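Before any comments, here is the structure.
Residue numbers (the numbering used here), protein chains in the order written: chain Y, 703 to 1100; chain G, 703 to 1100; chain U, 703 to 1100; chain C, 703 to 1100.
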């Protein structure tokens, strides 16, 4: 969340960056019908309307209200409607009721976006103090996070519809194949530096940069593919309790899990739902939409394990990444020296550091430029609606 | 459900009636924004889109598929999407997931309506056999039931929105006042005939017409008003366990019920949400949106009781009714000689005859012409989103 | 609850009756191990310890505290522990936490019984006013109700134990066969008088005696047997939705119901758990431990129906009854003129008159002398742990 | 779980150790009434009967069945009843139904213990192979873990009883005060070795011994006291969202948490339930029965943090510990090189390594000899029924 904002960036680059990122959200909206903005099929998934209004509210609440003189809020009800989880700021619509709201209309939400954009543009035309510039950068990165959520939430919402609606013809980036042949890369034991080096934008949870000691380990340069995952299924992986965490085993049985999310078994083999509709599974593409429990059980079945987030970061320049968010074996906890900023932005990351696992990398739904080797994503271990995948590791050097 | 359809009606009147009723649904839709068709805030409330597609499906499924030669279904997925509860017909979207569906779009649902209407119109241009005519009448009455649900469901959906959206300016028929002064009408003990006499349309649950013995009783010619209900509240009615059923008392406490649904206590007194927005409560209008538990507790507090459905029917021509569905003290059970029709329409009423209470009358949301003195409405005792009210009765003649 | 208590009864008979009934409870306890008094496997089932302490508390609370001068309560904590549902009296242990209490010990509960018995005995040695006599009679009947619950609750608790413990060798009265051949008895339409005639003891829910009109009907003189019920199972009764109420169908599917409670399918056929352990099902004995939903579905499958409680009462002297509590097609509602007594005993019956169905008769677990033709038992339609059965009826005279 | 068992130990010491530990369980039982063995008020708490039978089953299942020739199981039903969570072994009573079982009686469970003890004693009289010796050691340590659970589960069960029963007069070790004045001990950054060094008994989760890099930190030599924790309460700690994890804040609000478990606010100040009954809180004793959420919020309020489990282990010889299990800031995850043993014992620890936090130290309920500096205890962050406490740490050297 802290960010290095040089005077130059604040004067010119920030405004351009702001406009570029905000425009991309609207580009993502183009294929939608009005109806597509509304439903919230499960609590983890927000309506498209909420996603695009919430990021707008973030700029209004965190920046315009405090730092643009004379700014008048667009609608006094919107903070209650579009605050996500900031207790510091006030009351809000319960997270599981975001889909109950037909109003404001989509049209009005776009008017809201325009209103805020115009005021942000004014603000960014002048010189902004460093602390404001940092908040703008935070807002931009926040918008990018919600661009990814926009895509993943939309995919989930459309997937529960028996019509299997198409968002955009041909838009199925999860079918991309990794080009290079995978191999295990070995790293030697020693002290490694982990966390942001303070260059460019970073979130508070990437700090302090600190030393960790790692033992010898090997990590795959490639992600586990659908074909490999099918072998796990066919070998009875989902019915062998020995491979699973106890809570994972309960999750499998209570939800009758037999395959990754969105997979459908048809006469001709596996199909999967994509934003381009239901399509035959591409066997050589990396497996996608699996929970931590599944990632861990697969690794156990292979006699290996998931890398820790520290191993991943130490080794990340030895392989290509960016197609999947990759589950690590690390729980989401504060780094040594972690400090929550004062005020509402202090609620951004720190209060979620319990019962979640870290994911590293980025996915095909991540906006360009919104990833780096120190980025820490995090989700509860049963969740699957993100574009998650598996990279294997093992102890020692064989 | 059985209906007397003379040849004449089948040839001329039915088609006109069909068109009239179907048009009224579309008239109800006029003030809506596209977004308003989608949300389902609670399981009891269906999205507007679902209501208008489901009634269309009813005509397609029950009539066109079987009785219009060469009929081709509009979309093979729609039966799964818009079947409500007919196990005989096949699988369906779970009732609590109707709000998860953005597609088909509203536009496409109106195309569906048009397609079915054209084919129904063709069918009704010719002579139709009595059994088909009866099904058409059933479908028309079914559509009218969903017109009422359209209004009540929409009201609920808009009510949970902190913006308190307006459906139509000035549309608040629940504010209408009963003109005549109420008095208690006395009826003498004896045998009364209850149920449909076979004239005009009626549902299967109104049959067989049968005799019941009633003791002396008195019934009010007027509904309990908001002003009277406020006295109950002010007297501590919601905190006196002696007035309540045990399950009602649990319901009050678990849901922290302190007033009828949609009431808001403001500085200046009670306001209530209507389809014309949030408005000051009209004190002399009949109380509305109360559960059976509340109706019963109010009656207990007055030292009286609710009428049975038989008393209500026996006395109904002695007072005006039609502003509220009126809770009775009768459980929803089959009349002597009740028979479920064969096939899917056999699921229309009979299978719900457990754990529900009968309401008599009609409400300000009931379409004109869709009510009669033998009509039996029924809901679970905790439900409040219909336009329900209270009419008092007592034993004996004072 | 009102009762006719002549002076003579109050002076002599009541005391003897009190001692006899209280002794019978202790006789029921004889085969128990201390451990058997404690568990509460489901909310509907009370621990044996609770049952025998609660009835004792009833005498202390309703009679001794008010009507025996100088009476000192045995333990000031017991009212909180052993009050069942009387809001008038004060706080209490939540119903689903009765099984959490190891103390007071069983020994101490028997000391409590002895203490209260001694004081009740003193009280009843003298002359008691009619209103006190009525309360004593109520307490005696209340104890008898809990004797039945003692047996049914104990059976359930032991049944969930994979050891299938034996309460008493050979104690399986549910295996008794009805001796007479069943036939359908016909009754002609007309006005019948229903409810207590004011002779002997009766509960408030049996009043006022009132007239009902019944149409022609026939009712079986025998109960449905296990052999007959197996035919229903074998014919696919549990998988034919057309036979079931909608809520019954959900209940069947959610709980995977395939047979009456306590039935186990073994290699050699059906066995059933009894208080004498797991035993082969006696085919000619009346079916037992079925819900209202099952009773109703069975009747539907036979093309018949359950009798109403009024039909049952009108016809009851034309057949033998007493082996099963028999589900009727009547909801549990107040009779015309029903009045709740003032004070805590007003909570005895009236507040439960919603969402329950009436059962008539008595069962093999009912204490001798605790049944009569006007007795109204009531349970929610899904409950099965009582000794419930099925008697068929049909409309008209064939 | 691996253990170094020299030949000598296997021949002599093991048998003595076995007898000593098993006897201590029976000593713990002495003050109990039969009734106290039965209830299970919440799923996390097992009945006393289950705890003492389960540890016996562990010896029978893991050792006698496989390693004592001719051994005949005591009761073929017991594995189903007393298996805790070993899928490898077979079916079992669901964890939340352990309190439903009145049988086997307590007497029979003690017979079971005697039977198994006699056979174990025979086995241990001879020479046992190392792998069997290791399993015996595991069983002994397992029994000790359940001795602690016996105490904590019993305390919880008695605590929900409004009678506040006394287990043993004067038995309130949670009132013990730490004698030394607390200070912050500083450790310098560097590489530390963590995990078992292979001497003596240890569980599989303490391996492999491995290096970690720690930065400069300071850790308190004393535990947070009740007096200090009251300051947190009085300062509004439970109503300041900024101090809490998001899930902790939900937990506080949903459960209306306002103080540690077992605390009662009386006129004269705080009291707390102990196994010696309800007693005034000892202000200078370490705070007890707090969740991870509370421990973390307290540390946040002090501007500090909890130590990691690695810091704790590195520093543990610089302070006294053993009065409380101490929440650390570390999630329960496998150490590098962790390997699950084959067979059922492989389910002992590994499958729980998700969504739990590590506790270090030992508590006043831990049996003597059952603790060491590498011991890793673990619980879900909301649980409080163990004797948990707080030790503070901070980054850097001040």
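For glycine and all other residues, C-beta sits at the position ideal for the given N, C-alpha and C.
As the structure is a prediction and not an experimental result, all values here were calculated from the model.
On the three-state DSSP scale, how would you describe residue 967/C? Secondary structure at residue 967/C: strand, using DSSP grouped into helix, strand and coil.
Compute the Euclidean distance between the alpha carbons of residue 862/Y and residue 870/C, then round it to the nearest angstrom. 58 angstroms
Work out the CA separation of residue 916/U and residue 1086/G for me, nearest whole Å. 34 angstroms
Of the listed residues 998/G, 945/G and 1065/G, nearest to residue 790/U (C-alpha basis): Comparing C-alpha distances from residue 790/U to each of 998/G, 945/G and 1065/G shows the shortest one belongs to 945/G.
Which residues in chain U have a C-beta closer than 9 angstroms to the C-beta of residue 805/C? List them in chain order. 735, 737, 738, 860, 863, 865 and 867
So, are the CB atoms of residue 1029/G and residue 1092/G less than 9 angstroms apart? yes
Residue 904/U - containing alpha helix (DSSP H), residue span: Element bounds for residue 904/U: n/a, residue is neither H nor E.
If the cut is a Cβ gap below 8 angstroms, which residues of chain U does residue 1084/C touch? Residues of chain U passing the Cβ test: none, with the nearest at roughly 20 angstroms.
To the nearest angstrom, report how far apart residue 910/G and residue 896/G are at their CA atoms. The straight-line gap from Cα to Cα measures roughly 8 angstroms.
Can you check DSSP and say which residues form a bridge with residue 912/U? Per DSSP, the beta bridge partners of residue 912/U are 896/U.
Return no unless some Cβ of chain G is closer than 9 angstroms to the Cβ of residue 1032/U. yes
Give me the DSSP bridge partner(s) of residue 1079/Y. 1061/Y
Please determine if the region 915 to 929 of chain U and the region 867 to 885 of chain U are in contact, where contact requires at least 3 C-beta pairs separated by less than 8 angstroms. yes
Closer than 9 angstroms to chain Y by CB, residue 954/C: no
I want to see whether chain Y comes within less than 9 angstroms of residue 1036/C, judged by CB atoms only; does it? yes
Within 9 angstroms of any Cβ in chain G, is that where the Cβ of residue 1048/U sits? yes
How about residue 743/C and residue 756/U: do their beta carbons lie closer than 9 angstroms? Not closer than 9 angstroms, so no.
Taking a Cβ distance cut-off of 8 angstroms, strictly less, list which residues of the region 960 to 984 of chain U are near chain C, in chain order. none
Closer than 8 angstroms between beta carbons: that is the criterion. Which residues of the region 796 to 822 of chain C meet it against chain U? 799, 801, 802, 803, 804, 805, 806, 807 and 808
In angstroms with no decimal places, state the Cα-to-Cα distance between residue 1094/U and residue 1009/U. Distance between the alpha carbons of residue 1094/U and residue 1009/U is about 7 angstroms.
Based on the DSSP output, what are the partners of residue 1039/C in its beta bridges? In DSSP, residue 1039/C forms no bridge with anything.
Jot down the residue ranges of each uninterrupted beta strand (DSSP E) in the region 779 to 807 of chain U, minimum 3 residues, whole runs only, in chain order. none
Between the region 891 to 917 of chain Y and chain C, which residues of the former have a C-beta closer than 7 angstroms to a C-beta of the latter? 893, 912, 913, 914, 915 and 917
As a quick exercise: from 838/U, 849/U, 776/U and 853/U, pick the residue whose alpha carbon is nearest that of residue 815/U. For residue 815/U, the nearest C-alpha among the options comes from 776/U.
With three or more C-beta pairs closer than 8 angstroms as the rule, is the region 950 to 958 of chain C touching the region 901 to 909 of chain C? no
Roughly how many whole angstroms lie between the Cα atoms of residue 859/Y and residue 997/Y? 24 angstroms
Any heavy atom of the ligand PLP closer than 8 angstroms to the beta-carbon of residue 880/G? This structure lacks the ligand PLP; in fact it carries no ligand of any kind.
Listing by chain order, which chain G residues have their CB less than 8 angstroms from the CB of residue 787/U? 948
Presumed contact (8 angstroms Cβ cut-off) between residue 766/U and residue 821/U, rounded CB distance: 5 angstroms
Once DSSP output is grouped into helix, strand and coil, what is the label at residue 1027/G? strand
Excluding the five sequence neighbours on either side, which residues of its own chain have a C-beta within less than 6 angstroms of the C-beta of residue 1003/U, listed in chain order? Spatial neighbours of residue 1003/U in its own chain (CB-CB distance under 6 angstroms, excluding positions within 5 residues in sequence) are listed in chain order as 934, 939 and 945.
At least one CB of chain U closer than 9 angstroms to the CB of residue 1014/G: is that the case? no
Restricting to Cα atoms, I'd like to know which of 969/G, 947/G and 941/G is closest to residue 958/G. The alpha carbon of residue 958/G has as its nearest neighbour, out of 969/G, 947/G and 941/G, the alpha carbon of 941/G.
Are three or more beta carbon pairs between the region 1019 to 1035 of chain Y and the region 966 to 975 of chain Y nearer than 8 angstroms? no
State the DSSP-derived secondary structure class of residue 980/C, mapped to helix, strand or coil. strand
Opposite residue 921/G in the DSSP bridges: which residues? Answer is 887/G and 1095/G, bridged to residue 921/G.
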